[in-house]
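See below for the structure under consideration.
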Amino acid sequence: MGLLGRRAWIVDGATGMSAERVTPGASDAAWLAGEIGERIQGLAASDRAAEAVFGDLETEISRVFAQAAAHASPANDDHAPSACLGFVGIRPGAESGGLVVEGAFLGDVVALVPTDQGVVRWTDERAKPFEKRTLAALGTGEREPGRVPEAVRRQILENRTKLNQPDGYWVVNPRRSWAGRELRFEASLSPDQPIVLATDGFMRLVDVFGAYSDASLHAALAQGRGDRLMQELRDLELGDPMADAYPRVKTHDDATVLVIAAEPYG
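In my numbering, the protein residues as written are 115 to 380.
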């Protein structure tokens, strides 16, 4: 995640299906997330639109991955990591003192944005049908801690054939083009209203455990309760170690959240 001037972003990496690590990072997912963060920091310094930033980011990520994974087979891109990316920016609104927040999203990272209609969620749900198939493959059978059941692994591999395809879902991937496929959002915003950026791991508080709604989670974060919420999330995960009460593929997931507020222009 990062913040620079009137832009902010959040990244959530996912390692490829190969058992072999192909980048110099702690994991391929961590490597990709780090590379995205480093490069988007420079690209976000300009006032260019998100589509221009994403176009340059795609080129740079493809280049650095090709260098890092030069030893990997080019015929099979299952080893390539992917990442979800949310990118928001602020510009002046038509009304004096008003602001407009714009968002561009690939994958299931989330923005919670306060509007006149209440708190709205910005995200990319094109992967939802595939996630439901993966959860269905999990079934009700017994699980071995720390291991993904073979049926789930097969479903993930099948889902991956639709990665960055017109009839599939879209994420940042160094081997499959993605720029221009992001979903875009826009809303009016009053100065100093907080915007939340979060990964799907943090949004488990709403989507998996049902402990909050989007609105109540936004309110809690606006009150500065981020550390308490993170601890609550971990307690809920630890309290259901086999994912029996709250079905999920990964019993524990990385979680990141960023709360920002725009200052008035002028």
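Glycine included, each C-beta is placed from N, C-alpha and C at the ideal position. The structure displayed is predicted, hence computed values, not measured ones.
Original post:
Which residues in the same chain as R257 place their Cβ atom closer than 8 angstroms to its Cβ, once the five residues preceding and following it in sequence are excluded?
Top reply: The count along the sequence shown starts at 1 and reaches residue 257 at position 143. Closer than 8 angstroms at the Cβ level, and outside the excluded window around R257, lie P263, M356 and A357.
Original post:
Do you know whose CA, among A183, L249, I150 and V224, lies nearest V233's CA?
Top reply: As a first step, residue 233 must be located in the sequence shown, where it is residue number 119. Of the candidates A183, L249, I150 and V224, the one whose C-alpha sits nearest the C-alpha of V233 is V224.
**OP:** Evaluate the contact criterion for the region 303-312 versus the region 167-174: three or more CB pairs, one atom per stretch, below 8 angstroms.
**Re:** no
Original post:
Among G156, S176 and A182, which has the Cα closest to the Cα of G139?
Top reply: The residue given as residue 139 occupies position 25 in the sequence shown. Nearest of G156, S176 and A182 to G139, Cα basis: A182.
Original post:
Quick one: what does DSSP say S330 is sitting in, helix, strand or coil?
Top reply: Start at 1 with the first residue of the sequence shown, and residue 330 comes out as number 216. Correct three-state label for S330: helix.
Original post:
Counting Cβ pairs closer than 8 angstroms, one from the region 284-298 and one from the region 361-378, do we hit at least three?
Top reply: no
**OP:** Determine, using beta carbons only, whether H221 and D328 come nearer to each other than 8 angstroms.
**Re:** Within the sequence shown, the letter at position 107 stands for residue 221. Within the sequence shown, the letter at position 214 stands for residue 328. Looking at the sequence itself, residue 221 is Gly, so the reference to His does not match. For G221 and D328, no; Cβs fall outside 8 angstroms.
Original post:
CA-CA distance, R318 and A159?
Top reply: Position 204 of the sequence shown, counting from 1, holds the residue named residue 318. Position 45 of the sequence shown, counting from 1, holds the residue named residue 159. C-alpha separation (whole angstroms): 32 angstroms.
Original post:
In its own chain, which residues sit with a C-beta less than 6 angstroms from the C-beta of F179, not counting the 5 before and 5 after it?
Top reply: The residue given as residue 179 occupies position 65 in the sequence shown. Only P288 meet the Cβ criterion.
**OP:** For L118, I'd like the list of residues in its chain whose CB is within less than 8 angstroms of its CB, leaving aside the five on either flank, ordered along the chain.
**Re:** Reading the sequence shown from its first residue, position 4 is the one you call residue 118. Hits under 8 angstroms: Q155, A158 and A159.
Subject >> First and last residue of the uninterrupted alpha helix (DSSP H) at F219 >> reply: Here the question's residue 219 lines up with position 105 in the sequence shown. Segment L213 to L220 is the beta strand (DSSP E) holding F219; no alpha helix (DSSP H) there.
Original post:
Taking the C-alpha atoms as reference points, what is the distance between D314 and K242?
Top reply: Position 200 of the sequence shown, counting from 1, holds the residue named residue 314. Position 128 of the sequence shown, counting from 1, holds the residue named residue 242. Cα to Cα, D314 sits roughly 12 angstroms from K242.
Original post:
How many angstroms separate the CA atom of L213 from the CA atom of A359?
Top reply: Here the question's residue 213 lines up with position 99 in the sequence shown. Here the question's residue 359 lines up with position 245 in the sequence shown. Between L213 and A359, the C-alpha separation is close to 43 angstroms.
Original post:
How is the alpha helix (DSSP H) around R268 delimited, first residue to last?
Top reply: Taking the sequence shown and counting its residues from 1, the one referred to as residue 268 is at position 154. Segment E264 to R274, the alpha helix (DSSP H) holding R268.
Subject >> Burial state of L352 (16 or more Cβ within 10 Å) >> reply: The sequence position of residue 352 within the sequence shown is 238, counting from 1. By the 10 Å Cβ count, L352 comes out exposed.
Original post:
For Q269, is the classification buried or exposed, using 16 other Cβ atoms within 10 angstroms of its Cβ as the cut-off for buried?
Top reply: If you number the sequence shown from 1, residue 269 lands on position 155. Per the 10 Å Cβ criterion, buried.
Subject >> Distance, E377 Cα to A251 Cα >> reply: As a position in the sequence shown, residue 251 is number 137, starting the count at 1. As a position in the sequence shown, residue 377 is number 263, starting the count at 1. A251 and E377: Cα-Cα distance of roughly 47 angstroms.
**OP:** Taking only the alpha-carbon atoms, compute the straight-line gap between E149 and A333 and give it to the nearest angstrom.
**Re:** Residue mapping note: residue 149 aligns to position 35 of the sequence shown, counting from 1. Residue mapping note: residue 333 aligns to position 219 of the sequence shown, counting from 1. Answer to the nearest angstrom: the Cα atoms are 32 angstroms apart.
**OP:** Assign S304 to one of three DSSP states: helix, strand, or coil.
**Re:** Stepping through the sequence shown from its first residue, residue 304 is reached at position 190. Coil at S304, not helix or strand.
**OP:** Tell me, please, which residues DSSP counts as bridged to V234.
**Re:** As a position in the sequence shown, residue 234 is number 120, starting the count at 1. BP columns for V234 point to V227.
Original post:
Which value, in whole angstroms, describes the spacing of the CA atoms of P361 and A218?
Top reply: For the purposes of this step, residue 361 is taken as the residue at position 247 of the sequence shown. For the purposes of this step, residue 218 is taken as the residue at position 104 of the sequence shown. Rounded to whole angstroms, P361 to A218 spans 30 angstroms at the Cα level.
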